[in-house]
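Everything below concerns the one structure shown next.
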Amino acid sequence: MPVQKQVRMVADLNKCLGCHTCTMACKTMWTDRNKGQMHMYWNNVETRPGKGYPKDWETQGGWFNTKDKNSILLASINEGYGTPWEYNYDQVLKTNGGDASESVSESVLTPSPRPSGNAYASNWDEDVGEGTFPNSYYFYLPRICNHCSDPPCVDACPRQAVYKRKEDGIVLVDQKRCRGYRYCIKGCPYKKIYYNPEEKISQKCIFCYPRIEQHKGNLCATQCVGRIHHVGFADDTASGAYKLVNIWKVALRLHPEFKTEPNVFYIPPLSPPVYSPQLTEDQRIPVEVLANLFGDTSDQTHDQRVERIKEIFRIIRTEREKVAKGERSELIDILIPHSEADRIKV
Amino acid sequence: MAVGASTENLAARHERARALLERGAQAAKHTLALDLLERVHEPIGEYPYRGWETLYREQWKYDSFGRTTHSINCTGSCAWKVYVRNNIAFKEEQYADYPDINPTLPTYNPRGCQKGANYKEYVYGPQRVKYPLIRTGERGEGKWRKASWGEALSYIADKIVSAISNYGPDTVTFYSANPAKFLVSYAAGARLANLIGGVVCSFYDWVSDLPPGEPMTWGVQTDSCEAADWFNSKYIIIWGSNVLETRIPDAHFVTEARMHGTKIIAISPEYNPVAIHADIFIPVKPGTDGALALGMAYIIVNEKLYDENYLKSFTDMPMLVRTDNGKFLRESEVVSDGKAGNFYFWDKSSGKAVLAPGTIDCPDKTLDTGAIDQALFGTFIIDTLSGKVEVTTVFSLLKKKLKDYDPASVSDITGVDAALITRIAGEFANTKPARIIAGAGVNHYYHNDLINRSMILLAALTGNVGIPGGGFDHYVGQEKYWCEEGFLKLAYPLGNIKQRFQPTTLWAYVHSEIEKIEGKKEREGKGDPENHDLWPRPISEYIRESVDRGWMPLYPEGTLDSGKTPRILLVWGANFLNQAKGAEYILANLWSKLDLIVDTDFRMNTTGLYADVILPSSSMFEKWDLSTTDLHSYISPFTPIISPQLESKTDWQIFLELARALAGTKFSFTDTLPDGSTINRDFSTLVNDFTEQGTLSEDKSAGQFILDNSMETKGMTMDMLNEQPRRIVATDKEWTSDMKDKEAYYAFQRMYELKQPLNTLTGRQQFYIDHDWFLEEFHEELPVYKPPVDGTKYRLRFLTPHGRWSIHSLWRDAKYQLRLQRGYPIVYLNPDDAAARELSDNDPVEIFNDNGAIIANLCISTRMPEGLTLMYQGWERYTFKKGGFQSPTTIRIKPTQLAGGYGQLKFKVNYWGPTGNQKDTRVEIRKYMEVE
Amino acid sequence: MHNGNDIFFFYQWNAATENNSVADYPIFADAIAMEIPLFTEESILCMGAMDKPVNIIFWRADLPVPENIVAGGMGTPQISPDEASQNIRHYQKWKDGIWDVIITRPMAAGSENQVSFVRGKNYRIAFAYWKGGAYAERGGHKIVSEWQYLSIR
């Protein structure tokens, strides 16, 4: 049966700072409890273009697009997610006093294991980008579980230990019933379910349900210092999230062709024009690059996505110009929320 | 003090507490599995097994929470809410309760970044200093023994007394950075220095965060708007500033202003994170920003886009300058009882030179020129006491000077297309209010003063200084301690005038014997087109002249004659050694002169590792203190959310205990101060003096003392601030604007709106400096462009900007932060530069020049232009196999920054003094072969 | 085999590699299980049913102890939550392509979540095994036997 309510989040990439405060807000609340969680970032921020987190997640596949489910890759922690490095603090810093006879040969703070070879980390590609200077380009993409309306992780679990809550549509992995089969990880084309090798079960973003139940926002959104998020229920026509998706239609889904109907949306990023004396309106991030990522629905063609993104940029430009001339714009009012209550409504 | 905790690993305790949280949550209510069996018919919406969900609800439970902020010199001064369970601080969240300024401005909430969200790692982590430590091996060798507080403090006290009695009190040196980040903690050390006669070092000039162009032009240390005023701008040039990374809590005012229709221009040598949200990105060759600004000024002046009335009212542009000697025409030259600090305009209506109001010797403290019709241009003949002299206006001279900066020439220098220069200049001049946000990217150059002055010129030409949304606003360092009167009273109870203050750049330069090295390089540099006229005379002559004429102090007194050296260095709340420019010289030459180095910190850092005694201070969760910043107008408290861990004490208590140890020596001596007065210093009364007869024994009462004695915080109490941050209620004379209800603070409102003169010689925004050195030796009487001074021996410019992952060295060694990077120090390089050196991504590389070398790993990025390499600063020395991030740098003093005896150019600590710039550095990079 | 107090199950099978870890995303361990109806012999082979549950003893090469599981149909198996049924011990050794595993338990049930092994009684029993490693077998992806009969003498 369909859920009664569905949480939704819109992330305005024109305001994302790439600061990872969302990542840290999430990490320090939910995934710093034991060793097996250290590699997982239920919320991560990745530089685009880039390999993302886990590495090359977009090409790994999911339940939506494959008949041979076994062919879907499960990346290793070290090469896919990044080994959570430990450091030799005690040897280097000797804050416990240190014995005079102790060897001091190890005096460099060193990550262990040392990132070499195929080593990776969740933010390895930070600010690397593409293009040729001065027309380099990159932008930041924060990602959490999309709490999809048609979640393939739910279908993937033979134990049916993954489910979607009826009161808010949050998708959860039952931490008591999960047996660590990792079919859900294969099933999720966004690779937003993680495996805890210590607890031997899978874990994922919980959309901070203990807070949502208290009508408080999820931490990645409330702690976002760039104030990029709009959170609300899909049917709450008064929420900024609803207006951006349904009325102004400036927010798109990430890879809607994955057919999972994500409930996280993105306002695609503007970018400075290609460098030239004339400074045309050609944005330096090729619109095709954005269209490869963002769209409305699974059945849209690439060309349709390109047109939609151009249309969104036109809308934003028009509304910006209106405001610059002293007129009011509902869209801009939404994009510049005064306080938390204006952007988070749960 | 946590009894019995000394043997317990804090981190393990934290972990155990977490495990308990979970076990409680997971405790099964049912024992019979059969009761639990239920088939899942519909996992979407109808899941039967939801009892487990208590797991995460339990995880989110807490016993209490408290308020604090961070004393880290990031300019954030952010209010954080720290959640506590079982006396463990387990989760940090922005408090997000800053009151609104007005409903049309975005709020400051939530304020705080990914670093503030993980301060707890330091509270409980292995980096935390837990006990007083005394060195047992060689400096830097890492051999320590635990000591009791009593032993450590009397060890230090004895050394201090011995240094004072053998060498004098000015060999005892105190260094910390930025009172604004922790007013009480800073005052603690400064107060003891003030009472015993020690030297307090500057920091703002030393770390090159001081924009020398501001004291030169405006007679202020720095005054910038708070971040909310960015939203009031219609045009923002973000110039050598990377607010997306370095002002994370404030960056939304830029992105939101952009959505609001403000045009955002990013000027920087590389495509940095702030550029991605700009409307135009202008790649400028590094260090040529001054030329670009002057190229824009050329357009504005020649196309008459300037605000003529503004220039006449608020700048020195209409002031008269003698064409024979380049000096301002002074009243003392015109009439026999005239004053040297009075200057003239040419009044077109009367055809005469008339005195300007508001100048330094003018009793009329207003800029209101009444009926004077000032000439902006022209040449005039004046009758003076010594005959007829020809005079012209500053603006005429400026226009002439700007001839060198036509768009084509500037394009050659900067690499920026000429048409673009013209376009940006036009847009900047025609869109009001317009603002330049400037940062370390343009301030850490040797010629930072010229760059500052050129940029300020743009803001002044267009009439933007002093209006909401407009101006030149510089953000580097947390220099603004709003409640300054109370702070100064607490920090310097005997008064500022009785305090020995040291411009640190000069001190570090002389005592690290940089002269020997730089002097040699300067001689070798002859013939190098970039270097040949760096110093008309040897730097030692300028230093000698400056010290002898009393322009700059240099401690200990007699250093230049007798070779006296400092003996003791006490560092607290700062990582002096790691951040020092010319690190290799400091370590080799200055360090060896010191009999005692004490580091007081909550965590081990590079300075601590190379110190003799380490004292453990409280974390930011364990004390009362106060913090302010220039980025917002609120005052944020620290409060003790958890009890001090292990043997740590607050800075206030540490210096109080040190005062007690010194009192125990019963030492006394008569001290002759720099102003010639003498004072008898009797250590036996030190405790009473430190605590003001016991009234300031507690950190909280010291904080309250600051609040009570500052007009900015009148009527506030520490407890009120703990309830909610309060906005400053008024501003004293140190600041250039009134604090207005419902308005974001912006600078120079008193000049513009109230016509109050500035603290400059001319009382105006002064672009013409007729100091002899500027006129005759350096030809910098007006802003000019001078290229970076780093020679051409090495090909790659080496930049060490502030980054998003650390605040200086803090969080550079934090595990949770490192895991979101590449785990160790990296250096960025353009793909072509990497290919030319046969380097691949993540290769270990050596970055080197004549000053030193570092080993790091390579990150190849298209954000970099060719010829530039970049390493985010702050990496601790112990994160490198070799060197430190400052190893390739040196200390270069720009002589004009030693000048004094001239209006606004007079030494005041952290206001005027030579900057420790470091961006004029070039290196080469090669593959580093690991030797196993 | 039993000694009157404890019952011992001996398993031996060929396994080219020793897969004894689940310590990373792509790593799966070898496992075996035996299933016995909890109340009634008519339990359905595949995990029993709500009214006819089964008791499963599950060994996986990475686990510190084998698990006592109760299931009432597909997707319902769960580890019995009571302490008393945590009474299974084991011995395991992989050498030269052969797994030797011994699983032992007191014959008397520790709780209602276990079958009691009583002398003279017959039991239906089924076996399953999962190849870990590159085969990545887990969950329903396994080899299962038909019902067999176990008679305790």
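Protein chains in written order, with this note's numbering: chain R, 1 to 346; chain Y, 1001 to 1932; chain B, 2001 to 2153. Built from N, CA and C at the ideal position, the CB exists for glycine as well. Quantities reported herein were computed from a predicted structural model and do not represent experimental measurements.
| Hey, Phe1667 (chain Y) and Ile1642 (chain Y) are a contact pair by Cβ (cut 8 Å); roughly how many whole angstroms apart? | As a position in the second sequence, residue 1667 (chain Y) is number 667, starting the count at 1. As a position in the second sequence, residue 1642 (chain Y) is number 642, starting the count at 1. Not confirmed; about 38 Å, so no contact.
| request: Apply the 10 Å Cβ neighbour rule to Gln1114 (chain Y) and answer buried if 16 or more other Cβ atoms are within range, or exposed otherwise. | output: What you label residue 1114 (chain Y) is simply residue 114 of the second sequence in a count that begins at 1. With a 10 Å radius around the Cβ and a threshold of 16 neighbouring Cβ atoms, Gln1114 (chain Y) comes out buried.
| said: Between Arg2138 (chain B) and the ligand ADP, is there a pair consisting of the residue's CB and a ligand heavy atom that are separated by less than 7 Å? | reply: The model depicted lacks the ligand ADP and carries no ligand whatsoever.
| For Arg1797 (chain Y), the residue or residues it bridges with in DSSP | On the second sequence, residue 1797 (chain Y) is found 797 positions in, with the first residue counted as 1. BP columns for Arg1797 (chain Y) point to Y:Leu1868 and Y:Arg1922.
| field | Closer than 8 Å to chain Y by CB, Ala100 (chain R) | value | Here residue 100 (chain R) refers to the residue found at position 100 when the first sequence is read from its first residue. Only weak support exists for where Ala100 (chain R) lies, its pLDDT of 46 falling under 50; the coordinates are left without a value.
| query | Going by DSSP, what residues sit across from Cys1201 (chain Y) in a beta bridge? | reply | In the second sequence, counting from the first residue as 1, residue 1201 (chain Y) sits at position 201. In DSSP, Cys1201 (chain Y) forms a bridge with Y:Gln1502.
| Who are the neighbours of Met2047 (chain B) on chain Y, taking C-beta pairs under 9 Å? | Residue numbering aside, residue 2047 (chain B) sits at position 47 when the third sequence is read from its first letter. What Met2047 (chain B) touches in chain Y: nothing, since even the nearest Cβ is about 10 Å away.
| Backbone CA spacing between Lys216 (chain R) and Ser149 (chain R) [nearest angstrom] | For the purposes of this step, residue 216 (chain R) is identified with residue 216 of the first sequence, where counting begins at 1. For the purposes of this step, residue 149 (chain R) is identified with residue 149 of the first sequence, where counting begins at 1. Taking the straight line joining both Cα atoms gives about 22 Å.
| C-beta neighbour in chain R for Asp2030 (chain B), strict 8 Å | By one-based count along the third sequence, residue 2030 (chain B) stands at place 30. No, Asp2030 (chain B) lies away from the interface with chain R (no Cβ there is under 8 Å from its Cβ).
| field | When Y:Ile1891, Y:Lys1815 and Y:Asp1406 are compared against Glu86 (chain R), the one with the closest alpha-carbon | value | Here residue 86 (chain R) refers to the residue found at position 86 when the first sequence is read from its first residue. Sorting Y:Ile1891, Y:Lys1815 and Y:Asp1406 by C-alpha distance to the C-alpha of Glu86 (chain R) places Y:Lys1815 at the top.
| Is Ser122 (chain R) close to chain Y, meaning its C-beta is less than 8 Å from at least one C-beta of that chain? | Against the first sequence, residue 122 (chain R) aligns to sequence position 122. For Ser122 (chain R), the answer is yes, since a Cβ of chain Y falls inside 8 Å of its Cβ.
| message | Considering Cα atoms alone, identify which of R:Gly169, R:Glu327 and R:Ala156 is closest to Ile185 (chain R). | response | Within the first sequence, numbered from 1, the residue matching residue 185 (chain R) stands at position 185. Of the listed residues, the one whose Cα sits closest to Ile185 (chain R) is R:Ala156.
| Simplified DSSP assignment, three categories, for Trp1993 (chain Y) | What the structure shows of chain Y is the stretch from 1001 to 1932, and residue 1993 (chain Y) is not part of that stretch, so it cannot be assessed.
| query | Which of the three DSSP states, helix, strand or coil, is assigned to Tyr1062 (chain Y)? | reply | Here residue 1062 (chain Y) is taken as the residue at index 62 of the second sequence, counted from 1. Coil.
| query | Just how far apart, CA to CA, sit Gly1240 (chain Y) and Leu1799 (chain Y)? | reply | Here residue 1240 (chain Y) corresponds to residue number 240 of the second sequence, with the count starting at 1. Here residue 1799 (chain Y) corresponds to residue number 799 of the second sequence, with the count starting at 1. Cα to Cα, the separation comes out at about 12 Å.
| query | Secondary structure at Cys26 (chain R), three-state DSSP: helix, strand or coil? | reply | As a first step, residue 26 (chain R) is located in the first sequence; it is residue number 26 there, counting from the start. In the three-state reduction of the DSSP assignment, Cys26 (chain R) falls in the helix class.
| With distances taken from CA atoms, which of B:Ile2152, B:Ile2102, B:Tyr2025 and B:His2141 is nearest Gly80 (chain R)? | The sequence position of residue 80 (chain R) within the first sequence is 80, counting from 1. The shortest Cα separation from Gly80 (chain R) among B:Ile2152, B:Ile2102, B:Tyr2025 and B:His2141 belongs to B:Tyr2025.
| query | In whole angstroms, what is the alpha-carbon distance linking Phe1602 (chain Y) and Ser1648 (chain Y)? | reply | Locating residue 1602 (chain Y) in the second sequence gives position 602, where the first residue counts as 1. Locating residue 1648 (chain Y) in the second sequence gives position 648, where the first residue counts as 1. Each residue's alpha carbon lies about 8 Å from the other.
| query | Which residues, taken in chain order from the segment 185 to 212 of chain R, show a beta carbon closer than 9 Å to some beta carbon of chain Y? | reply | Under the 9 Å Cβ criterion, the segment 185 to 212 of chain R contributes Ile206, Cys208, Tyr209, Pro210 and Arg211.
| task | Closer than 9 Å by beta-carbon distance: list the chain R residues that pair up with Ala2109 (chain B), in chain order. | result | As a first step, residue 2109 (chain B) must be located in the third sequence, where it is residue number 109. Residues of chain R with a Cβ closer than 9 Å to the Cβ of Ala2109 (chain B) do not exist; the shortest Cβ-Cβ separation is about 23 Å.
| Nearest to Glu957 (chain Y) by CA position, among Y:Val1354, Y:Asp1364 and Y:Arg1797, is which residue? | There is no way to answer for residue 957 (chain Y), as the model of chain Y reaches only from 1001 to 1932.
| Taking the runs of the alpha helix (DSSP H) that are 4 residues or longer, which of them lie wholly in the segment 1527 to 1576 of chain Y? | Taking 4 residues as the minimum length, the alpha helix (DSSP H) runs contained wholly in the segment 1527 to 1576 of chain Y are 1539 to 1548 and 1559 to 1562, in order along the chain.
| field | Near-chain B residues of the segment 1036 to 1060 of chain Y (beta-carbon distance less than 7 Å), N- to C-terminal order | value | Contacts with chain B (Cβ-Cβ distance below 7 Å) from the segment 1036 to 1060 of chain Y involve Leu1036, Leu1037, Arg1039 and Val1040, listed in chain order.
| message | Looking at chain R, is there any beta carbon in it that lies within less than 8 Å of the beta carbon of Arg1660 (chain Y)? | response | One-based indexing of the second sequence puts residue 1660 (chain Y) at position 660. With 8 Å as the cut-off, Arg1660 (chain Y) does not count as an interface residue toward chain R.
| task | Jot down the residue ranges of each uninterrupted alpha helix (DSSP H) in the segment 1638 to 1689 of chain Y, minimum 4 residues, whole runs only, in chain order. | result | For the segment 1638 to 1689 of chain Y, whole alpha helix (DSSP H) runs of length 4 or above, ordered along the chain, are 1651 to 1665.
| said: According to DSSP, is Pro189 (chain R) part of a helix, a strand, or is it coil? | reply: If you number the first sequence from 1, residue 189 (chain R) lands on position 189. Collapsing the DSSP output to three states places Pro189 (chain R) in coil.
| field | Members of the segment 62 to 83 of chain R that neighbour chain D once the beta carbon cut-off is set at 9 Å | value | As a matter of chain content, chain D is missing from the structure shown, whose protein chains are R, Y and B.
| query | Is there contact between the segment 1230 to 1238 of chain Y and the segment 1253 to 1260 of chain Y, where contact requires at least three CB pairs shorter than 8 Å? | reply | Short answer: they touch.
| field | Residues bridged to Gly2037 (chain B) (per DSSP) | value | Position 37 of the third sequence, counted from the first residue, corresponds to residue 2037 (chain B). Position check: residue 2037 (chain B) holds Pro in this sequence, whereas Gly was assumed. In DSSP, Pro2037 (chain B) forms a bridge with B:Val2054.
| request: Provide the residue span of the alpha helix (DSSP H) that contains Phe1345 (chain Y), from first to last. | output: The sequence position of residue 1345 (chain Y) within the second sequence is 345, counting from 1. Note, Phe1345 (chain Y): premise wrong, no alpha helix (DSSP H); beta strand (DSSP E) at Tyr1344 to Asp1347.
| task | Look at the alpha carbon of Ala1027 (chain Y) and the alpha carbon of Gln2078 (chain B), and state the distance between them as a whole number of angstroms. | result | As a first step, residue 1027 (chain Y) is located in the second sequence; it is residue number 27 there, counting from the start. As a first step, residue 2078 (chain B) is located in the third sequence; it is residue number 78 there, counting from the start. Because the pLDDT at Ala1027 (chain Y) is just 42, under 50, the model does not fix this residue reliably, and the value given afterwards should be weighed accordingly. Spanning the two alpha carbons is a distance of roughly 15 Å.
| Residues of its chain near Asp1708 (chain Y), where Cβ-Cβ distance is below 7 Å and the 5 sequence neighbours each way are ignored | Start at 1 with the first residue of the second sequence, and residue 1708 (chain Y) comes out as number 708. If we look at Asp1708 (chain Y) and ignore the five residues flanking it on each side, its Cβ neighbours are Gly1486.
| request: Determine the extent of the beta strand (DSSP E) in which Asp1599 (chain Y) is found, giving its start and end residues. | output: Taking the first residue of the second sequence as position 1, residue 1599 (chain Y) is located at position 599. Element bounds for Asp1599 (chain Y): Leu1596 to Asp1601.
| query | Residues in its own chain within less than 6 Å of Asn1680 (chain Y) by CB, not counting five upstream and five downstream? | reply | Working through the second sequence from its first residue, we reach residue 1680 (chain Y) at position 680. Correct list, in chain order: Thr1670.
| said: Let me make sure I understand the geometry here. Which of Y:Gln1897, Y:His1041, Y:Val1389 and Y:Phe1880 has the alpha-carbon closest to that of Gly1326 (chain Y)? | reply: Residue mapping note: residue 1326 (chain Y) aligns to position 326 of the second sequence, counting from 1. Nearest option by C-alpha distance: Y:Val1389.
| request: Please confirm if Gln304 (chain R) has its CB atom under 8 Å from at least one CB of chain B. | output: Taking the first residue of the first sequence as position 1, residue 304 (chain R) is located at position 304. Chain B, which has no Cβ nearer than 8 Å to the Cβ of Gln304 (chain R), makes this no.
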